[in-house]
Amino acid sequence: LNNLGEPNVSDIDEVIEEYGDETTVVKDVGSHAQTVVQLLKYKTNMGEKATLSQLVKEWRSKPDNAPDCVKDNPPGKELNVDECERIVVSLLIGDMLEPKVSYTAYGAHMYLKV
Numbered sequence: 004l005n006n007l008g009e010p011n012v013s014d015i016d017e018v019i020e021e022y023g024d025e026t027t028v029v030k031d032v033g034s035h036a037q038t039v040v041q042l043l044k045y046k047t048n049m050g051e052k053a054t055l056s057q058l059v060k061e062w063r064s065k066p067d068n069a070p071d072c073v074k075d076n077p078p079g080k081e082l083n084v085d086e087c088e089r090i091v092v093s094l095l096i097g098d099m100l101e102p103k104v105s106y107t108a109y110g111a112h113m114y115l116k117v
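The following block contains the structure:
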């Protein structure tokens, strides 16, 4: 995962030129994607489960309370909550993370696993 945006696009400038989307901003999110995977591995090793929102919340938590992998590469102001969620969804779509659905008597929860 290198950039947020359209998959399988070799040149974002061609897309912007063709569709005229001047709001598209290219961001290198590869290091952040690695941080998300490391954070999920950390939580799994601690015996904890995480939903998408729980993972993003912990990823964006204050550095004092965060695991080392997050302290080294926090999303900070570079990425907002929506962009953080898009990174996690991109990792799900790219089969780098797997969904694990857990059913209860009252509903279902989707946890993430590596």
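If you read the sequence shown in the working numbering, its first letter stands for residue 4, the second for the next number, and so on. Think of the CB as a built atom: it goes at the ideal place given N, C-alpha and C, for glycine as much as any other residue. Since the structure is predicted, the reported quantities are computational estimates derived from the model, not experimental observations.
| Check | Outcome |
| --- | --- |
| For Thr107, is the classification buried or exposed, using 16 other Cβ atoms within 10 angstroms of its Cβ as the cut-off for buried? | exposed |
| With DSSP as the reference, label Lys80 as helix, strand or coil. | coil |
| In whole angstroms, give me the CA-to-CA distance for Asp71 and Leu42. | 9 Å |
| Would Leu94 and Val59 be called neighbours here (beta carbons separated by less than 8 Å)? | no |
| So Tyr114 and Ala36 are in contact, right, with Cβ under 8 Å, and what is the actual spacing, rounded? | Actually they do not touch by this definition, with Cβ atoms about 19 Å apart. |
| Can you tell me which of the three DSSP states Ala69 falls into? | coil |
| What does the alpha-carbon distance come out to for the pair Gly50 and Met99? | 20 Å |
| Where does Ala36 sit, in a helix, a strand or coil, going by DSSP? | helix |
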